[in-house]
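Structure, as structure tokens:
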Amino acid sequence: MELGGLRGRGSAMGLDSATPKPRQEQRTGTEAGTPSLGALGDRRFLLFLYLMGFLDLFGVSMVVPLLSLHIKSLGASPTVAGIVGSSYGILQLFSSTLVGCWSDVTGRRTSLLVCILFSALGYLILGASTNVFLFALARVPVGIFKHTLSISRALLSDLVAEKERPLVIGQFNTASSVGFILGPMVGGYLTELDGGFYLTCFICFFVFILNAGLVWLFPWSEIKFSSTKTGLQLVKNRVLLGKTGYEVQEASPTPGNSASEKTLPWMEVTSTLQVMRSLIFSDVWDIFLVRLLMAVAVMLYYSNFVLALEERFGVNPKMTGYLISYSSALGALAGFTLGPIMRLYGHNSYRVLLHSSMLTFLLLLLYSTARTMAVVILSSTLLSFSTAIGRTCITDLQLTMGGAQASGTLIGVGQSVTAVGRIIVPLLSGFAQEVSPCGPPSLGAALALVAIFIMSLNKPRYTRDGGDRLKSE
5 MELGGLRGRG SAMGLDSATP KPRQEQRTGT EAGTPSLGAL GDRRFLLFLY LMGFLDLFGV
65 SMVVPLLSLH IKSLGASPTV AGIVGSSYGI LQLFSSTLVG CWSDVTGRRT SLLVCILFSA
125 LGYLILGAST NVFLFALARV PVGIFKHTLS ISRALLSDLV AEKERPLVIG QFNTASSVGF
185 ILGPMVGGYL TELDGGFYLT CFICFFVFIL NAGLVWLFPW SEIKFSSTKT GLQLVKNRVL
245 LGKTGYEVQE ASPTPGNSAS EKTLPWMEVT STLQVMRSLI FSDVWDIFLV RLLMAVAVML
305 YYSNFVLALE ERFGVNPKMT GYLISYSSAL GALAGFTLGP IMRLYGHNSY RVLLHSSMLT
365 FLLLLLYSTA RTMAVVILSS TLLSFSTAIG RTCITDLQLT MGGAQASGTL IGVGQSVTAV
425 GRIIVPLLSG FAQEVSPCGP PSLGAALALV AIFIMSLNKP RYTRDGGDRL KSE
């Protein structure tokens with residue numbers, strides 16, 4: 005595994021954050037870009053990140069539900085609206101991996117600021133859109149740069165030990181989900197005002213500017229980065245220049261070394277492409293395949309949820325909306341259960357992911373065969389927990405197997421895989437609904453079963469690699 009080779013070279017330079025050292029060693033290792041949670045003092049840095057995640061999804065969720073109504077009001081046909089809407093997913097598909105890898109090269113602070121500011125620009129243009137062209141133009145910077153949550157998760161993986169990572173990422177997801185629950189309510193209220201859509205977009209713009217200010221004010225000094233670069237860059241520079249670990253460290257940029265900074269752009273592009281190639285041809289493909297299958301399975305469940313409940317049980321959309329909000333709230337609360345669950349499983353992300361996927365499969369099957377609304381509510385309740393826990397564990401497993409130095413790249417590839425799911429789900433759902441309203445969730449259950457089978461086949465590799473890292477911790 006080429007990426008594994010990079011990890012091995014990184015560990016020789018004291019940069020292997022995929023294998024956390026004891027607390028004393030971690031503190032000295034912060035200079036290489038892998039700070040320990042103990043260096044954060046009163047956890048202010050983590051709280052800043054949680055607040056940023058909340059504001060990010062709060063601002064976005066105010067606007068997103070109103071997009072289809074606004075583009076229709078601009079006179080776009082359903083076909084044009086569909087093309088413009090799909091452009092965001094296509095841009096995300098190609099930019100997720102590139103931006104994630106770029107954040108590994110340039111550093112989290114720079115990449116976060118750039119992504120937030122360009123996303124803010126997109127929502128500012130959207131707030132001024134009076135025709136379809138401006139509407140489509142506004143989606144371009146957002147589609148390319150709206151990766152703040154992915155970079156934040158990569159930053160969290162840099163900050164905490166491997167044992168603590170699922171819990172911290174789960175808490176971050178919870179904070180973000182709360183924003184996603186509150187945002188649509190605020191956006192729905194504002195859109196009833198005169199010029200409400202434009203007002204909502206401008207408020208979203210100011211929320212992103214506030215987030216950029218938070219990133220600028222983050223207590224970066226408390227985590228003792230010697231530069232804005234992550235440990236991964238030192239590894240990649242060594243690969244590019246053929247230098248020893250000591251020479252690479254000497255050549256690595258520091259805040260006061262402006263000459264080195266001027267030579268970085270071409271190296272950053274080359275390094276980014278090399279690490280992307282290393283990851284694409286690595287042996288973590290099965291993890292991304294599991295992620296794709298489980299993401300498609302869950303999206304198929306939601307794809308015709310409103311229509312299926314109306315056809316099967318005569319439930320009106322309003323009541324279905326309450327049920328979806330209820331499920332979203334439970335999914336947000338699931339982050340608080342990760343700590344006890346991980347301790348119960350001995351911090352084994354693979355076992356938690358396998359069992360949560362089994363539960364998801366059974367619940368999708370139960371929902372598909374439900375005869376009463378009580379069974380639907382039960383399956384929806386438990387699915388909120390199983391899917392939320394599964395999303396966190398698959399991210400943690402990606403980072404564990406792929407190596408934490410490439411955390412931005414790994415999370416970016418994961419987002420690209422999910423984007424592929426968003427593109428193919430409408431097609432699969434349409435075919436499945438031709439058979440029955442229960443077709444999409446039934447197909448989702450079948451795909452979840454395939455994911456479980458793949459995880460079972462690769463159990464020895466997951467347990468061996470993950471166990472070795474936890475023992476070294």
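Be aware that the sequence shown starts at 5, since it is given in this note's numbering, and climbs by one per residue. Every residue gets a Cβ at the ideal spot worked out from N, C-alpha and C, and that includes glycine.
From Ile456, Leu327, Ile173 and Val429, residue whose alpha carbon lies closest to that of Ser445 = For this step, residue 445 is matched to residue 441 along the sequence shown. As written in the sequence, residue 445 is Pro, which differs from the Ser given in the question. Nearest C-alpha to Pro445: Val429.
Pull up the distance between the alpha-carbon of Ser225 and that of Val424, whole angstroms please.
-> On the sequence shown, residue 225 is found 221 positions in, with the first residue counted as 1. On the sequence shown, residue 424 is found 420 positions in, with the first residue counted as 1. Computed Cα separation, rounded: 38 angstroms.
Just checking, does the region 176-187 make contact with the region 80-99 on the three C-beta pairs under 8 angstroms criterion?
-> No: fewer than three Cβ pairs fall under 8 angstroms.
Three-way DSSP call (helix, strand, coil) for Arg295 in this model | If you number the sequence shown from 1, residue 295 lands on position 291. Arg295: helix per DSSP, three-state reduction.
When Ser361, Thr404 and Leu370 are compared against Thr391, the one with the closest alpha-carbon | Sequence index remark: in the sequence shown, residue 391 carries index 387 (1-based). When Ser361, Thr404 and Leu370 are compared, the shortest CA-CA separation from Thr391 is found for Ser361.
Inter-residue CB distance, Gly187 and Met66 (contact presumed, cutoff 8 angstroms) = The residue given as residue 187 occupies position 183 in the sequence shown. The residue given as residue 66 occupies position 62 in the sequence shown. Yes, they are in contact, since the Cβ atoms of Gly187 and Met66 sit about 4 angstroms apart, within 8 angstroms.
Whole angstroms is fine: what's the gap from Ala140's alpha carbon to Phe206's?
-> Here residue 140 refers to the residue found at position 136 when the sequence shown is read from its first residue. Here residue 206 refers to the residue found at position 202 when the sequence shown is read from its first residue. Straight across, the Cα-Cα distance linking Ala140 with Phe206 is about 17 angstroms.
Starting from the C-beta of Thr364, find all residues in its chain whose C-beta is less than 8 angstroms away, skip the five residues before and the five after it, and write them out in chain order.
-> Here the question's residue 364 lines up with position 360 in the sequence shown. Hits under 8 angstroms: Met298, Ala301, Val302, Leu387, Ser390, Thr391, Gly394 and Ala452.
Is Ala124 helix, strand or coil by DSSP?
-> Locating residue 124 in the sequence shown gives position 120, where the first residue counts as 1. Reduced to three states, the DSSP call for Ala124 is helix.
Enumerate in chain order the residues of its own chain whose CB-to-CB distance from Ile345 is below 8 angstroms, with the five nearest sequence positions on each side excluded.
-> To locate residue 345, count along the sequence shown from 1; it is residue 341. Excluding sequence neighbours, Ile345 sits near Val356 and Ile393.
With a Cβ-Cβ cutoff of 8 angstroms, do Thr413 and Cys105 count as a contact?
-> Here residue 413 is taken as the residue at index 409 of the sequence shown, counted from 1. Here residue 105 is taken as the residue at index 101 of the sequence shown, counted from 1. With respect to Cys105, Thr413 sits close: the two C-beta atoms are nearer than 8 angstroms.
For the alpha helix (DSSP H) that Phe212 lies in, which residues bound it at each end?
-> Residue 212 sits at position 208 when you count from the first residue of the sequence shown. If you look at Phe212, you'll find it in the alpha helix (DSSP H) that goes Gly200 to Leu221.
Can you give me the Cβ contacts of Val454 inside the same chain, cut-off strictly under 8 angstroms, excluding the 5 residues immediately before and after it?
-> Here residue 454 corresponds to residue number 450 of the sequence shown, with the count starting at 1. Exclusion of the five residues before and after Val454 leaves Leu297 as the residues of its chain whose Cβ lies within less than 8 angstroms of its Cβ.
With a 10 Å radius around its C-beta and 16 neighbouring C-beta atoms as the bar for buried, classify Gly111 as buried or exposed.
-> If you number the sequence shown from 1, residue 111 lands on position 107. Buried.
In angstroms, rounded to a whole number, what distance separates the CA positions of Ala132 and Tyr202?
-> For the purposes of this step, residue 132 is taken as residue 128 along the sequence shown, with counting starting at 1. For the purposes of this step, residue 202 is taken as residue 198 along the sequence shown, with counting starting at 1. Cα-Cα distance, rounded: 7 angstroms.
Got a sec? Which residues, its chain only, sit under 6 angstroms from Ile328 by beta carbon, not counting five neighbours each side?
-> In the sequence shown, counting from the first residue as 1, residue 328 sits at position 324. Answer for Ile328: no residue qualifies.
Taking the alpha-carbon positions, what's the Ser161 to Leu403 distance?
-> Your numbering for residue 161 matches position 157 in the sequence shown. Your numbering for residue 403 matches position 399 in the sequence shown. Linking Ser161 to Leu403 through their CA atoms gives a straight-line distance of about 8 angstroms.
Sequence-distant residues of its chain with Cβ nearer than 6 angstroms to Leu128 (five each side left out) | Translated into the one-based positions of the sequence shown, residue 128 becomes position 124. Sequence-distant Cβ neighbours of Leu128 in its own chain, meaning closer than 6 angstroms and more than five residues away, are Phe209.
Of the residues Thr396, Ala158, Phe49 and Val118, the one placed nearest Gly343, counting alpha carbons only = Here the question's residue 343 lines up with position 339 in the sequence shown. Across the set Thr396, Ala158, Phe49 and Val118, the C-alpha of Thr396 shows the shortest separation from the C-alpha of Gly343.
So Ala312 and Thr178 are in contact, right, with Cβ under 8 angstroms, and what is the actual spacing, rounded?
-> In the sequence shown, residue 312 corresponds to position 308, counting from 1. In the sequence shown, residue 178 corresponds to position 174, counting from 1. 28 angstroms between Cβ atoms; not a contact.
Selected residue, minimal CA-CA separation from Val220, among Leu53, Val109, Gly318 and Val190 = Your numbering for residue 220 matches position 216 in the sequence shown. Before going on, a small fix: residue 220 reads as Trp here, not Val. Of Leu53, Val109, Gly318 and Val190, the residue nearest in Cα terms is Leu53.
Is it the case that the Cβ atoms of Ser353 and Ala449 are separated by a distance below 8 angstroms?
-> Within the sequence shown, the letter at position 349 stands for residue 353. Within the sequence shown, the letter at position 445 stands for residue 449. Ala449 is positioned such that its CB atom lies no closer than 8 angstroms to that of Ser353.
Straight-line Cα distance separating Ser154 from Phe176 | To locate residue 176, count along the sequence shown from 1; it is residue 172. To locate residue 154, count along the sequence shown from 1; it is residue 150. Whole-angstrom Cα-Cα distance: 11 angstroms.
CA-to-CA distance, Val64 to Ser460, given in whole angstroms | Position 456 of the sequence shown, counting from 1, holds the residue named residue 460. Position 60 of the sequence shown, counting from 1, holds the residue named residue 64. Ser460 and Val64 have their C-alpha atoms some 38 angstroms from each other.
Taking the alpha carbon of Asp60 as the point to measure from, which residue in Ala378, Ile120, Gly192 and Arg426 has its own alpha carbon closest?
-> For the purposes of this step, residue 60 is identified with residue 56 of the sequence shown, where counting begins at 1. Ranking the options by Cα distance to Asp60, first place goes to Ile120.
Ser123 versus Lys150 - alpha carbon distance | For the purposes of this step, residue 123 is identified with residue 119 of the sequence shown, where counting begins at 1. For the purposes of this step, residue 150 is identified with residue 146 of the sequence shown, where counting begins at 1. Straight-line Cα distance between these residues: approximately 6 angstroms.
Using the C-alpha atoms, what's the distance from Tyr92 back to Gln419?
-> Start at 1 with the first residue of the sequence shown, and residue 419 comes out as number 415. Start at 1 with the first residue of the sequence shown, and residue 92 comes out as number 88. Approximately 13 angstroms, taken between the alpha carbons.
Between which two residues does the alpha helix (DSSP H) harbouring Pro444 extend?
-> Working through the sequence shown from its first residue, we reach residue 444 at position 440. In the DSSP assignment, Pro444 falls within the unbroken alpha helix (DSSP H) covering Gly443 to Leu461.
In three-state terms, what does DSSP make of Gly335?
-> Residue mapping note: residue 335 aligns to position 331 of the sequence shown, counting from 1. Judged by DSSP in its simplified three-state form, Gly335 adopts helix.
Segments of 4+ residues assigned as alpha helix (DSSP H) that fall wholly inside the region 350-386 = Look at the region 350-386 and you find these whole runs of alpha helix (DSSP H), each 4 residues long or longer: 353-372.
Rounded to whole angstroms, what's the CA-CA distance from Phe317 to Leu366? Just pull it up for me.
-> Counted from its first residue, the sequence shown places residue 317 at position 313. Counted from its first residue, the sequence shown places residue 366 at position 362. One C-alpha to the other measures close to 21 angstroms.
Report the residue from Pro223, Ser77 and Ile415 whose alpha carbon sits nearest the alpha carbon of Gly200.
-> Residue mapping note: residue 200 aligns to position 196 of the sequence shown, counting from 1. Ranking Pro223, Ser77 and Ile415 by Cα distance to Gly200 puts Ser77 first.
Gly33 to Arg426 span [Cα, whole Å] | As a working note, residue 33 is residue 29 in the sequence shown. As a working note, residue 426 is residue 422 in the sequence shown. Below a pLDDT of 50, predicted positions are generally treated as unreliable, and Gly33, at 36, falls in that range; the measurement from the model is reported next regardless. Each residue's Cα considered, the two are about 39 angstroms apart.
Member of Ser99, Phe137 and Ala436 whose CA lies at the smallest distance from the CA of Thr152 | Taking the sequence shown and counting its residues from 1, the one referred to as residue 152 is at position 148. Relative to Thr152, the option among Ser99, Phe137 and Ala436 whose CA is nearest is Ser99.
By a C-beta neighbour count over all protein chains shown, 10 Å radius and 16 as the cutoff for buried, is Met405 buried or exposed?
-> The residue labelled residue 405 in the question sits at position 401 within the sequence shown. A residue is called buried when at least 16 other Cβ atoms come within 10 angstroms of its Cβ; Met405 meets this threshold and is buried.
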